[in-house]
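Residue numbering for the sequence shown follows our numbering, beginning at 159 and increasing consecutively. Where is the CB? At the ideal position from N, CA and C, for every residue including glycine. None of these values were measured; they are calculated from a predicted model. Contents: one structure, followed by commentary.
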Amino acid sequence: MTTKEVPQAGLEIISQFRFCPRCGRDAIERHSEKSVRCPACGFLFFFNTAAAVVALITDREGRLLVTRRALDPAQGTLDLPGGFVDAHETAEEALSREIREELNLEIAGLRYLFSVPNIYDYAGLRYHTVDLAFACEVRDLNMLRPSDEVAEILFLRPEELDANAFGLKSTREVIARFIAGRVTGDEKSK
Ligand SMILES: [Zn+2]
């Protein structure tokens, strides 16, 4: 067993519900593809996709800021900065907060690029997210000071990037698009 062992695939959360959390009866049944209900008390719950944000930050030489995950899921693999959008937050606010918390960097400008659906297995459960990728400019890269959830920071040129070194499926997709040069939007001006 190594620390880089791939975590066990999570179970769909919807299949984990059996007892009604409101009335306690052993009565929960599937109501739709993404909802369960309790016929005894009318409790109805939807399992919605969570929103997450991913930052593509490049330095003056066009190298991409890449992190190494210090924590599960996918501990030890490469990743991009970002995280879940909290309730009442815009995606832009979530990105600014995550970049501040994770890297101690302030975002000076950002541009939405595209989204990728993702599966996030954590603690034996499977979460569904949609990851929103943004190209980000930061105020001062010299302020970079990673948090405990980041084991290492790397700046990699597109040709140095290997999508397979990234632990999360949606991040591999974002990296593949970055390598293909489709994310900067600079192609036409070059
Ligand atoms: Zn009930």
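Your pair Phe313 and Arg226 does not check out as a contact, with CB atoms roughly 13 angstroms apart and the cut at 8 angstroms. At least one heavy atom of ligand 1 lies closer than 8 angstroms to the C-beta of Gly182.
Ranked by Cα distance from Ala281, the options Leu202, Ala232, Phe272 and Ala213 are led by Ala232.
Rounded to the nearest whole angstrom, the C-alpha separation of Leu261 and Ala249 is 18 angstroms.
Taking non-hydrogen atoms of ligand 1 into account, the C-beta of Ala198 is found less than 8 angstroms away from one of them.
In the DSSP annotation of this structure, the continuous segment of the beta strand (DSSP E) that includes Ile215 starts and ends at Ala208 to Ile215. Ranked by Cα distance from Arg269, the options Phe203, Arg297, Ala291 and Met301 are led by Ala291. With a cut-off of 8 angstroms, the C-beta of Phe201 is classified as near ligand 1, since at least one heavy atom of the ligand falls inside that distance.
Listed as beta-bridge partners of Asn276 by DSSP are Thr287.
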